[in-house]
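Protein chains in written order, with this note's numbering: chain A, 1 to 464; chain B, 1 to 464; chain C, 1 to 464. The next block holds one structure in the form of structure tokens; read it before the comments.
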Amino acid sequence: MSHSLATHPDRLLPADPGTRSIARSLLERVQDLPIISPHGHVDAAVIEQNTPFPDPAALLVTPDHYVTRLIHASGVPLAQLQPGAGARNIWRSFCEAWPLFDGTASGYWLRTQFESVFGWQGELSAETAEASFDAISAKLAEPGFRPRELFKDFNIEVLATTDDPLDSLDSHRALAADPSFHGRVVPTFRPDAYINIAHPAWTPNVERLIAEASDGGSGYQGYLTALANRRRYFVDHGAVSADHGVRTPATLKLDQAEAEALFNKARSGQATSLDRDVFEAHMMYQMARMSVEDGLVMTIHPGSFRNHHQPTFEAFGADTGHDIPVATNYTEAVRPLLQDFGTAKDFHLVLFTLDETVFSRELAPLAGFYPSVYIGAPWWFLDAPDAMLRFRSAVTETAGFSRSSGFIDDTRAFCSIPARHDASRRIEASFLARLVAEHRISEDRAHELIVDVVDSSPRRVFKL
Amino acid sequence: MSHSLATHPDRLLPADPGTRSIARSLLERVQDLPIISPHGHVDAAVIEQNTPFPDPAALLVTPDHYVTRLIHASGVPLAQLQPGAGARNIWRSFCEAWPLFDGTASGYWLRTQFESVFGWQGELSAETAEASFDAISAKLAEPGFRPRELFKDFNIEVLATTDDPLDSLDSHRALAADPSFHGRVVPTFRPDAYINIAHPAWTPNVERLIAEASDGGSGYQGYLTALANRRRYFVDHGAVSADHGVRTPATLKLDQAEAEALFNKARSGQATSLDRDVFEAHMMYQMARMSVEDGLVMTIHPGSFRNHHQPTFEAFGADTGHDIPVATNYTEAVRPLLQDFGTAKDFHLVLFTLDETVFSRELAPLAGFYPSVYIGAPWWFLDAPDAMLRFRSAVTETAGFSRSSGFIDDTRAFCSIPARHDASRRIEASFLARLVAEHRISEDRAHELIVDVVDSSPRRVFKL
Amino acid sequence: MSHSLATHPDRLLPADPGTRSIARSLLERVQDLPIISPHGHVDAAVIEQNTPFPDPAALLVTPDHYVTRLIHASGVPLAQLQPGAGARNIWRSFCEAWPLFDGTASGYWLRTQFESVFGWQGELSAETAEASFDAISAKLAEPGFRPRELFKDFNIEVLATTDDPLDSLDSHRALAADPSFHGRVVPTFRPDAYINIAHPAWTPNVERLIAEASDGGSGYQGYLTALANRRRYFVDHGAVSADHGVRTPATLKLDQAEAEALFNKARSGQATSLDRDVFEAHMMYQMARMSVEDGLVMTIHPGSFRNHHQPTFEAFGADTGHDIPVATNYTEAVRPLLQDFGTAKDFHLVLFTLDETVFSRELAPLAGFYPSVYIGAPWWFLDAPDAMLRFRSAVTETAGFSRSSGFIDDTRAFCSIPARHDASRRIEASFLARLVAEHRISEDRAHELIVDVVDSSPRRVFKL
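Rendered as structure tokens:
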């Protein structure tokens, strides 16, 4: 029987027949488990309002900077991939660029979606641009293709969104209160734009934050109170984690007076670049302190040079495909935080990286000692089959299977969620199958472990 | 049927029988394609004058610092490997050290040459030193073993040399004008010794450059004019690229007055170490600007600490085996250049590295966004089978197959060129075969991709 | 026939049947060779006095920070793993945590010990805690389980200990003089606490050193004399190497006056943090100079941030599981030393790393040129199956097989020594088998090479 790539039962499994057969059996064990997605960027309102998805280009191309970046690299100006360029034009550009995605993680997820979600089995090319656009558009118009129906079809149990600290969380509340909706959509507290002084909206953000949530306090103390209050509000609306996108994982404990002085200097627009770094490092310490108090899992996503190409940023804004990783060092950076909170009761700190060298050198050793530290799953450029296998190989021999976070899809592309989790499960099965084939763990134990890494780990680490 | 290692049809192919069989079929698709060598160090005069190759030691040992370095590490003083030491003595030292080359890339290329080029099938050892020397010498004396005949036998279509900016390019011109020569030998503009103030000959070089090519200009402006003129001269003589060997990939845009001041300071011998770094970074920016104007592909080879062992440098000069890589960071370093030229029309910038960590962390993300950026193939210590596989695994999931340069042999060892390209093709076949075996790409598509990476990529990236 | 994991003849061998069969035959070649252990932390007195091993917890859990760290990460306070906590309580904590060790190197060594040394074949769990404790305790009480008997059973030929420069080496002398003991137990000179000014005992150590060994000298010169004398004392008692645990591999040559001034400043308690770094770097240079004179192999183990969690250090002391690696750079750091001693006759310098990126980028290139430099085997967090394979893949293509140190168990866990060496041999067989399967070396040559890497390399590199 012949299979397409996207539906081949052995896709991503190791080529060696003996190992593959073990992997198949491990995969079977978890293939039907519900999806736990503890970190991502889907908009809760889309699910709450069950908004029909727009056309194929607006769903699959324009908002996905993984996709537009590679089309751009092939020579297509970003302007031709903006909403204003016309859905069919954008789709055609995408179809023409489709061969460039061979071998990429994005290509794998897209191909799987086309076939498994939208029923499109042909290749994409200039020739099939119209037909594929029409076919997917027709599917999108069907009632079964609305977000809530797909949420159920995709077998999603938990989906975390990422939210502004001042967000009302109305959609989350409405979903939680809706007896007809059976999933769990939880917010995530993401205060970067209130913490990073370099953020263009930091000053107005902080003013709004203090005005709305400081219980009448002012200045630095009011700021801390407001952050704590909003975190509490998130907890009350189901949040399980607070996420931090920072340039470096630096942490620092300032005394109250120092922190206050920096805060005031920043509000008067006088902060230097060093002041910003110091304040951000200090606020990571404060966020950890609050996590110890309110129980929100703390996740850190460092190491990206945001908006690398200034002209593109000026023309098209942030998140347009030119955030580029830099070398990251955790050992000394995270030490001040861990000195005080590394063994704090029930504190969970999940450390992500875009610099793979950190996995074996720093994250596995840290997570193998500190009860609070968990190794963040491969993320962004690294949540791809080979990279995920390298990750497991890099961390397991030091930290075992119990110290990592479980898969994070981190996506705003709702329809790619099943493909991403499926790929991750296949890679976990592949890695464990190799350990079984090499007589390093028993097959029975591997069957337990794959359930643990796919299902129990994210529940345990994210307190779900 | 029994095969020697060097001629085994499955050499370097993956052990898994299913994957190997796919790899074999992919390899067949490209095995007879001509060699495209867009960056290397063969001397054009050798081909133009069709100079017979000297003895085996002078051909295969003394000029190849990959080879002499490992013999030196085994305890043989470099003096015993210098031309003056006697060809047979050198050859004997090499033969005695031959077992040390097992598992190395150099050993693989040498073994392949011995058997496929020189017809020597035995092992090398003290016992066979005389016989192998004689056998190879005899071959070298045959008329079919002169450079032009081998150029044709090796099926080389394009061979780029690396040349001084003031080189007359007479040999290139003569070859181009010679109707009896059917290959294409193109020069490469390599201005390091005119840009790096720390180069011992920088001052006289710059004086000569301005005197010969500035159209009467002087000072910094004359210097820039002369560089632009010589680049144009290279373009007129078939050059397709300008190559830059730098310690770090730093780039910087100085204003005219700052650059001029630094230039004058350097000419008066007053430049500090920091001045040199700043000027070099600025000149990388200028070289990019000129590449945008004249179309030369810009290639950057950073990250080597040159002449690490000062006593060896003093006794034997540069390129004697003790250039040692250092950690490299591209993301912030190359940003000033990319701000202005990253999306410039038809600009090609190929970024190489000796620090493998940069492949997945920085080069694949950069090349996956900027239309100008291409990922340089694994180079120097990294153009070896396992390292090349690690490279493909590191970059493909982010950048696909279209954003890398294609193989670069970078060699001065003319007779090793077929072995190097053959090894590269086998590794490309192996990598693609695994993706097919894992159902990540179709076998048909892999057949297209292997032609693309082996043949179309270097043509496209180097504008051949 | 069914095998347990710990005794499966194919454990750790590659899954591909063809490659596995080659690996099996290579492994057979070395499986019965004696153990050469040129660097480790077993106490010589334990062997000399043939002290019976204590209970299972005190033997296998409390002193092994590889083991306690992961139990601690699971939430068990270190206080519950201290000797005072009660052997059976500690053992129960360990048994409960046992599943966390799946996939780790420690788990592999422990499992192998339980079965091959102690004859315990069941799994460990809360349920089997009592039974396993009793079973292992019973074995430990048998006369055949005393250190000297196990030394023989384990087929250890050479075991190096790690010793304080002022150690009397009485146990070593007694063992050497004992006609009934047939092994070789050699001391290793480890002067960190006399060189690193930041060490809390540096001042009294230096005073004691000068008082006891300076031949009446004083000050910096007396210090150097005393170090040289104690090194000589170690040589006279069989030492073959001097080992250096440093934060970075920095080396530096100060002139006499500068060094003396720093030394005096430190003794008066005035040294800054920079002074300490400079002095340590200078002393690495001095240690190399002395190694050139007295022939002790110099080994450097850098790159660990010691005692990362201050509260744990204060409560439980050093070596309690929170030494965390940091990024390491060798190329520039080790240059001052290599300038003067890199080609010195019979000087051996073995460079270790906890930062894997250094293997291909720096260590293989350095060892592939300098006759003095050898690549240290994967160490600490890296002496695990996958990490050892990555190591071989990273260094071999540049440096071949002759430039690495051979396996180092670096352990204080005497009973784990056979399991560690066995794992290493299996990985060497696996790597070589792949090269054979890929037709990169002949099977005959692989049989020579595996003996070389397992047996000849450590003898040659450590002058045994």
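Cβ atoms here follow ideal geometry from the backbone N, Cα and C, with glycine treated the same way. Since we're looking at a predicted model, the values are computed, not measured.
List in chain order: all unbroken beta strand (DSSP E) runs of 3+ residues lying wholly within the segment 148-219 of chain A.
Entirely contained in the segment 148-219 of chain A, the beta strand (DSSP E) runs reaching 3 residues are, in chain order, 156-160, 184-186.
Which of helix, strand or coil does DSSP assign to C:M1?
Here C:M1 scores only 49 on pLDDT, less than 50, and its place in the model should not be relied on; the value that follows carries that caveat. The answer is coil: DSSP assigns C:M1 none of H, G, I, E or B.
Residue from B:F431, B:I427, B:S416, B:V436 whose Cα sits closest to the Cα of B:D153
B:S416
Please return the same chain residues whose Cβ sits closer than 6 Å to the Cβ of C:R146, not counting the five positions on each side in sequence.
N50, P52
Hey, does C:R203 have any beta-carbon neighbour from chain B nearer than 9 Å?
The sequence given here places Thr at residue 203 of chain C; Arg does not occur at that position. Judged by the 9 Å Cβ criterion, C:T203 is not in contact with chain B.
Short check: CB of C:D409 to CB of C:D386, under 9 Å?
no
Alpha-carbon spacing of B:D444 relative to B:P458, whole angstroms:
Linking B:D444 to B:P458 through their CA atoms gives a straight-line distance of about 21 Å.
Measure from the C-beta of C:R335 to each C-beta in chain A and report whether the shortest distance is under 9 Å.
C:R335 does not count as touching chain A.
Is the Cβ of B:H439 closer than 9 Å to any Cβ of chain A?
yes
Name the residues in the segment 14-39 of chain C whose C-beta lies less than 8 Å from a C-beta of chain A; which are they?
P14, A15, D16, P17
Since A:A160 contacts A:S291 with CB under 8 Å, what's their CB separation in whole angstroms?
The pair is not a contact, with the Cβ atoms about 16 Å apart (cut-off 8 Å).
Just the Cα atoms here: how many angstroms apart are C:M1 and B:N89?
Confidence in C:M1 is poor, its pLDDT being 49 and thus under 50, which makes the residue's placement unreliable; the coordinate value appears in the next sentence. Whole-angstrom Cα-Cα distance: 58 Å.
Between the Cα of B:P63 and those of B:A198, B:C95, B:L78, spot the shortest distance and give me the residue it belongs to.
B:P63 has its Cα closest to that of B:L78, out of B:A198, B:C95, B:L78.
Looking at chain A, is there any beta carbon in it that lies within less than 9 Å of the beta carbon of B:P371?
Interface residue, yes.
Hey, how far is the Cα of C:A364 from the Cα of C:V350?
12 Å
Over the uninterrupted alpha helix (DSSP H) stretch that includes B:H322, give me the two end residues.
B:H322 -> no alpha helix (DSSP H), and no H or E assigned at all.
Check the Cβ of C:E356 against every Cβ in chain A and list those closer than 9 Å, keeping chain order.
Per Cβ cutoff of 9 Å: T357, S360, R361, A394.
Give the secondary structure of A:T104 by DSSP, where H, G and I count as helix, E and B as strand, and everything else as coil.
coil
Can you name the start and end residues of the alpha helix (DSSP H) that B:L363 belongs to?
Counting along the chain, B:L363 falls outside any alpha helix (DSSP H), and DSSP gives it neither H nor E.
Thinking just about the alpha-carbon of each residue, which of A:D323, A:Q339, A:S304 is nearest to the one in C:Q310?
Of the listed residues, the one whose Cα sits closest to C:Q310 is A:Q339.
DSSP puts A:D243 in a beta bridge; with which residues?
A:T299
Please go through the segment 34-81 of chain B and give each complete beta strand (DSSP E) segment of 3 or more residues, from N-terminal end onward.
35-37
Considering only the alpha carbon of each residue, which of B:A413, B:P14, B:A394 lies closest to B:G368?
B:A394
Run down chain C in chain order and give the residues with a C-beta less than 8 Å from the C-beta of A:P311.
Residues of chain C passing the Cβ test: none, with the nearest at roughly 33 Å.
Can we say the segment 54-63 of chain B touches the segment 7-26 of chain B, given the rule of at least three CB pairs closer than 8 Å?
no
Tell me which same chain residues have a C-beta within less than 8 Å of the C-beta of A:E157, skipping the five on either side of it?
Excluding sequence positions up to five before and after A:E157, its CB lies within less than 8 Å of the CB of P34, I35, I36, G183, R184, all in the same chain and listed in chain order.
So who's on the other strand from B:I375, going by DSSP bridges?
Beta-bridge pairing links B:I375 to B:L351, B:S404.
8 Å Cβ cut-off: residues of chain C touching A:T299
Residues of chain C passing the Cβ test: none, with the nearest at roughly 18 Å.
Does DSSP put C:S268 in a helix, in a strand, or in coil?
For C:S268, the three-state secondary structure derived from DSSP is coil.
Report the partner residues of A:S304 according to the DSSP bridge assignment.
Per DSSP, A:P325.
Go through its chain and collect everything with a Cβ distance to B:T7's Cβ below 8 Å, but skip five positions before and after it.
Its chain contains E115, S116 as the residues whose beta carbon lies nearer than 8 Å to that of B:T7, once the 5 sequence neighbours on both sides are disregarded; these appear in chain order.
Using DSSP with H/G/I as helix, E/B as strand and the rest coil, what is B:A87?
helix
Could you tell me whether the Cβ of C:R69 comes closer than 9 Å to any Cβ of chain A?
With respect to chain A, the C-beta atom of C:R69 has a partner C-beta closer than 9 Å.
Please identify, using Cβ separations under 7 Å, the residues of the segment 398-414 of chain C that lie next to chain B, in order along the chain.
T398, G400, F401, S402, R403
What is the DSSP secondary structure of B:W120, reduced to helix, strand or coil?
coil
Cβ of C:S74 within 9 Å of any chain A Cβ:
yes
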